[in-house]
Amino acid sequence: MSGTDENDPDTALQVDDLTVRYGQVTAVAGLSLRVPSGSVVAVLGANGAGKTSTMRALAGSIRASIDGRARLFGGSILGLSAHRIAARGMVLVPEGRQVIAPLTVEENLLLGGYRQRSRARLRELMAECHELFPILHERADSPAGLLSGGEQQMLAFGRALMSDPRLILMDEPSMGLAPVMVDRVMEAVEALHRRGASILMVEQNAASALQVATHAYVLDQGRIVCSGTATEVGSDPVVAQTFLGLREQAQAGQAAC
Amino acid sequence: MARWALAPLALIAGLAIAACGSSSGSSESGGSKEASSGTIPVTFVADQTGLVSYVGEKVIAGMKLAVEEINSSGELGKRKIVLSIANSNSDTATATTQMAAAVKSNAVAVFGPALSAEALATAPLAQRAKVVDIGTLSEDTGFLPIGNYIYRLTCSQLRYDPLIVEHVAKLGLKSTKIVYASDNPTLSEETTEHMVPELEKAGVKVQGTVGVPSTTTEFSSLATKLESGNPESIGLMVVGAANPDLITALRHSGYKGVIWGEQSATAGALVPAGELANGFFYAVDYTESLPYESSKKFTELFKQKHPKEIPYGYDANGYDAMKAFAKAVSLEGSGPVTRESVLKGMQKEAASGGFEGASGKTIFVGPEHRDIAVPGVLVEWKDGAEHIVKLGTPGLEQQQ
Amino acid sequence: MLQQLINAIVFGSVLTLFSLGLSLAWGTLDVLNLAHGAVFVFAGFITYELTKDSTMSFVPTLIVASLAAGAVTLALELVAFRRIRLHFPARRQAELSMLVVSVGAATVIGEVVSHQTSEAAFSPPASAFSIHRYSLGGSVGITNIQILIVVAAIIVAVALDQGIRRTRYGRAIRALAYDPTTTQLLGVNVGAVAAATMFLAGALAGLAGVMLAIYLGGEEVATGQDYLLTAFAILIVGGVGSIRGAIVSAYLIALAETAVVAYGPSQWRDGVAFLLILVMLLVRPQGLFARRRFQRA
Amino acid sequence: MAIASISSWYAGNETLIQNILIYALLAFSVQVVLRAGVFSLAGIGFYAIGSYTAALLLKKGWPTVPSILAAVLLCILLGYLLALLLVRLRDLYLAMATVAFDLMVGVVATNWTGLTGGPLGVTGIPLVMGTLPIFLTAVGAMLLLGLLQRGVLGRSFEAIREDEPLALTLAIDTSRYRHFAFVISCVLGCLAGAYHALLFGTIEPTDAGFELIVLALSMVIIGGFRSWAGALLGAILLTWLPLELTSVGSWLNLVYGGLMIVLATWLPGGLLDALRALLRLPARLRLLLRSPSSLAATGEERG
């Protein structure tokens with residue numbers, strides 16, 4: 121199958137009825153969402169809402185039973201192995217960045233461009249990366265493990281960019297970063313967006329995410345409870361209370377359970 | 003109730019049940035076994051696999067050849083030898099298990115495995131069950147003293163030291179160095195206790211002995227060490243691939259002197275060294291071209307059975323061990339064969355001067371005449387075959 | 042003295058050829074492949090089979106036997122190691138299972154070879170490769186096969202080191218060693234890279250096996266085990282997964298063993314490797330040449 | 011009559027039983043550490059140390075029990091020291107170190123001729139050992155290992171094996187447990203060696219070499235490493251199989267090797283797990299007849 125049959129050019133990713141189960145535990149229950157081409161879609165939700173499972177299931181990097189459908193630019197991807205999905209132009213920036221610590225920054229970037237056979241294209245992408253994230257140029261030869269958390273996130277973005285993706289999945293890009301770094305990361309997301317990639321991002325930090333998102337979904341207990349444009353979702357009072365304004369309390373409540 | 007405590011108890015119960023179940027099939031145990039209607043069951047606990055399987059397989063082949071010959075010639079009347087092979091896996095525990103099973107069976111005699119640890123551990127089982135055990139290769143000095151049922155037919159290097167020493171002296175070689183397998187019980191003792199003093203006595207200067215683990219395969223540094231001081235000859239008291247490997251390393255590093263060795267160089271072990279091994283001499287029990295009538299007969303039989311193979315000493319040992327047994331049986335008349343009658347037969351055979359086997363005239367030596375000795379022969383390896391240099395005489399070595 | 046130095050360098054080259062594949066498999070895929078020695082002997086056996094009757098010349102023999110050795114290791118990867126990696130998520134269980142599989146494979150390969158050779162030592166005939174000795178003055182000399190082994194070791198070592206450092210495939214191998222999941226997310230077909238790595242490891246063992254079959258007078262099944270135990274010492278001393286470490290420590294250990302054989306109590310030769318393993322693991326478990334260690338996520 | 015037949019069966023199979031029991035002790039020594047996530051094969055080295063110590067003391071005229079006790083005490087001491095040294099190592103590194111230790115013991119035994127008799131080993135050891143003490147020791151070991159598999163201790167071992175950092179956070183003193191398992195393993199190996207030497211009257215340095223390491227590991231893997239019963243099953247099978255497999259003859263080891271590949275790949279719990287699954291089969295079939303969907307729940311693969 122030559123894959124990406126463009127039956128709906130406006131849709132980058134269409135997910136229908138996605139269910140992820142680990143043994144008896146259902147992590148994601150019948151989730152449906154759509155990523156329009158050229159949009160930034162944010163999936164918001166607290167810890168344990170099933171966000172990471174969704175991302176990993178879509179990227180083909182999970183050992184669990186998965187049901188439902190997911191079409192990337194019209195081609196079905198559920199059940200394919202991760203490297204095949206990557207080959208179709210979708211790349212996941214995993215939770216916690218997961219840079220390859222012993223490799224240098226440059227080697228990490230080159231690894232991101234693993235499927236780029238053309239050296240010329242690889243050089244172009246590298247230049248683009250360095251332009252977007254100058255720090256990656258400055259520290260090209262230092263092992264990735266020595267970068268700070270924020271720098272590692274830039275590297276993870278740059279590495280994703282190297283594959284020249286049409287859709288980037290981001291799993292909690294702001295996790296574990298200082299507030300000032302969170303803003304930098306969101307700027308980077310915008311920059312990647314401007315460059316032309318569609319983005320699907322899951323975030324706990326809803327306030328920051330909604331600043332850059334065009335569309336948003338709110339996920340709770342593995343289900344979508346609210347969806348719409350970023351402005352709509354941001355102004356929904358229930359959402360605002362439960363997931364935005366009172367986020368800390370919601371978390372505290374969960375921890376108490 | 004703690005269930006874990008039940009498990010060992012269940013095991014005990016299980017053992018008991020198994021005992022009831024399997025006891026029905028087995029025959030009575032005891033010292034006086036009697037073979038049923040004309041069959042003579044014997045068991046060979048052989049090193050069919052493991053470290054010395056290259057020996058075991060050949061001994062088995064020789065033994066089977068003897069059984070066929072004896073059964074078809076009517077040498078034992080209507081009675082037929084039935085040979086069972088039990089694999090010792092070159093391992094003491096397996097060997098003892100197999101030997102225990104063999105002495106429990108109705109076998110009237112057993113043939114023991116080759117490794118000295120195996121031989122030493124299995125012989126007491128045979129002795130206790132009062133069944134004649136003919137060890138096939140065990141050279142250990144502690145083997146025969148285990149008891150009066152214990153015999154052995156072993157190509158003992160000890161026996162051939164004089165042949166080699168004499169030849170080294172005869173070639174006019176003034177000096178030698180010896181390399182030996184330091185983890186091989188027989189060879190390390192042999193080298194330091196016998197070879198060195200005897201060579202010195204014969205006027206050959208032993209410039210040094212070098213022990214190496216028998217796992218060694220890369221010998222270039224050892225070859226350089228051996229060559230220093232230019233010994234006129236170098237002796238190899240090593241096993242297996244170390245023979246061709248050492249010869250190759252010595253020749254490739256430019257050594258021009260004489261290289262001699264011991265019997266583990268037989269059975270084609272030198273083939274890998276090609277023509278580099280030409281001129282290498284050592285002593286064995288048997289070689290293809292032995293002139294004795296009984297040897298020729300064995301060679302012919304072997305060639306008929308295995309047209310593509312060359313008979314070697316290990317084949318001859320197996321054949322001779324079985325011949326020794328058959329002679330003992332025939333000396334006890336045509337009655338039923340029992341473990342006791344086998345022992346008596348063996349004793350009669352020893353007293354009557356032995357038998358003619360694959361290796362020639364074979365006699366029983368040692369203090370109690372339980373060490374079965376062949377004449378032996380000094381051979382030289384040339385172009386892929388053994389050539390006779392000198393025939394030995396049985397019982398050449400000092401009586402132990 | 043000079044001759045012993047040459048001996049040590051040749052022996053070090055033999056060890057380098059043998060241990061690089063082992064290091065590659067352990068360092069990247071957590072496979073402590075105890076069948077490596079058996080595969081090495083298997084290549085020698087193939088060499089023997091190819092040359093004993095026919096007149097197949099050296100270079101084609103070398104290639105065929107190395108590929109055969111690679112194929113055997115690849116088969117092991119596809120039949121067992123891959124399945125274990127996918128189905129046993131606990132790394133410790135996977136490592137143990139792969140170790141056990143390799144023990145079983147070593148037995149199977151060894152038994153097949155020993156049956157085919159009637160348990161005896163075997164060697165390609167002298168016609169397969171005619172050995173000459175070149176004198177370097179006095180009693181010092183070196184043979185053409187020794188030169189070939191040293192040259193082959195240098196070429197393989199440099200190629201592997203540079204390949205791992207600089208190529209796309211090399212980066213994928215190093216990434217795989219650190220974090221297979223993320224590596225796959227980046228579009229690397231980790232199954233294929235693992236298969237290629239195991240094939241390469243086996244082929245390297247094969248290359249060593251062919252050279253040794255000609256260099257030594259005769260190989261037997263036990264030969265592989267001896268080299269395997271020495272190779273473990275090399276990996277531990279050099280640092281598991283470090284190609285440069287493996288190369289340097291191969292020559293160091295060759296030097297140490299040669300010194301013990303040439304000037305010391307040669308019967309303790311085996312002890313050198315075992316003692317080094319113990320001492321190194323106690324003093325510097327990461328090996329002499331390991332770089333900064335990053336905790337795996 | 012039953013008693014008579016048991017005794018006659020026993021008389022005929024005494025050596026087999028002795029070997030099974032000795033190998034069971036050796037297999038336990040590997041199993042007890044594997045189960046606790048400590049990949050140590052040091053038990054085989056202690057097999058050699060135990061056999062030499064007991065044999066040499068006995069030959070010096072010591073009585074039997076003190077000889078064995080002295081061997082055990084020496085092994086506890088050495089085992090504890092070795093544990094202190096090696097406790098930092100994990101997984102394959104520990105396996106490697108302990109294999110090196112085992113082989114080093116062999117090299118020392120071969121070359122320290124003055125003490126050990128060199129390559130000839132020790133022969134003519136008085137045959138003072140009977141089956142009963144070995145049997146009782148083996149049963150004792152099973153009880154001990156059974157205890158270690160249950161309760162707090164058992165769960166701690168399990169936790170250390172599955173996830174050591176987690177075990178640490180659960181306030182399990184992992185290094186103490188690792189030490190403990192290590193020393194138990196050494197003692198079991200030591201006893202196996204001592205009994206072997208005293209039972210068969212001979213010990214050579216090669217008796218505890220690489221082959222024995224492979225054999226011990228094979229027994230545990232083929233039987234199943236999660237329980238002592240698996241180790242016992244493996245010991246019984248591998249001791250008894252050569253008697254039954256005479257038709258296989260020279261292909262014996264090929265069968266072992268193939269079995270190890272198959273089991274390690276498809277049945278990591280060993281034959282014991284297969285046996286248990288087989289025993290559960292009737293119950294599961296009944297369940298299936300009643301409600302087919304409920305089977306899926308029990309069919310989940312264990313992590």
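Chains as they are written, first to last, in this note's numbering: chain S, 121 to 377; chain V, 3 to 402; chain B, 42 to 338; chain H, 11 to 313.
Beta carbons are placed, not taken as given, at the ideal position from N, Cα and C, and that holds for glycine.
Neighbourhood of residue i by C-beta distance below 6 Å, restricted to the same chain and skipping five residues each side
i      : result
B:F240 : G111, L115
V:T41  : K82, V84
V:S266 : V241
Same chain, Cβ closer than 8 Å to residue i, five either side skipped, listed in chain order
i      : result
H:L51  : V40, A105, T108, V109, D112, I223, A226, L227
B:A189 : For the record, residue 189 of chain B in the displayed sequence is Leu; it is not Ala. M252, listed in sequence order.
H:W19  : none
Per DSSP, cross-strand counterpart(s) of residue i
i      : result
H:C200 : DSSP output for H:C200 lists no bridge partner at all.
S:C346 : S:V338
V:H389 : V:E382
B:V278 : DSSP output for B:V278 lists no bridge partner at all.
V:Y294 : None; V:Y294 has no bridge partner.
B:Y175 : B:I183
S:M321 : S:A162, S:M290
V:S177 : V:K207
V:D322 : BP columns for V:D322 are empty, so no partner.
V:W262 : V:G237, V:F283
Given residue i as reference, the closest of the options once Cα atoms are compared
i      : options                        : result
H:L198 : H:L163, H:I231, H:W238, H:Y187 : H:W238
S:T172 : S:A298, S:L230, S:A147         : S:A147
S:F253 : S:R235, S:A240, S:Q272, S:S283 : S:Q272
B:I87  : B:S64, B:V278, B:E261, B:N230  : B:E261
S:L230 : B:T299, B:T224, B:V72, B:L75   : B:T224
S:R191 : S:D136, S:T224, S:A280         : S:D136
B:A167 : B:G53, B:A287, B:D94, B:L323   : B:D94
H:G280 : B:L63, B:A300, B:G305, B:L137  : B:L137
B:S54  : B:A272, B:A314, B:H77          : B:A272
B:T238 : B:F52, B:G204, B:G145          : B:G204
S:G209 : S:S238, S:T139, S:I319         : S:I319
Residue i and residue j closer than 9 Å at C-beta
i      : j      : result
V:R161 : V:T138 : no
V:E351 : V:K329 : yes
S:V332 : S:V211 : no
B:R126 : B:A235 : yes
S:R189 : S:L178 : no
S:S181 : S:A207 : no
B:D220 : B:I284 : no
H:V230 : H:L44  : yes
H:A46  : H:A241 : no
Cβ shell of residue i (< 7 Å), same chain only, five flanking positions each side left out
i      : result
V:L146 : I152, R154, G368, R372, D373
V:G105 : Looking at the sequence shown, residue 105 of chain V is not Gly but Val. Here the set comprises V112, L127, A128, A131, V133.
V:G52  : N91, S92, D93
B:I172 : T184, N185, I186
H:R312 : Its pLDDT being 37, under 50, H:R312 is placed unreliably by the model, and the measurement read from it follows with that caveat. Closer than 7 Å at the Cβ level, and outside the excluded window around H:R312, lies no residue.
B:G182 : R174, Y175, S176
request  = Please list the residues of the segment 204-236 of chain S that have a C-beta atom closer than 7 Å to any C-beta atom in chain B, keeping them in chain order.
outcome  = A206, A207, L212, P214, G216, Q218, I220, A221, P222, L223, E227, L230, L231, G232, Y234, R235
message = So if I threshold CB-CB distances at 9 Å, which residues from the segment 254-272 of chain V count as touching chain B?
response = H254, S255, G256, A269, G270, A271, L272
task = Identify each residue in the segment 124-154 of chain S for which the Cβ-Cβ distance to at least one residue of chain B is less than 9 Å, and report them in chain order.
result = none
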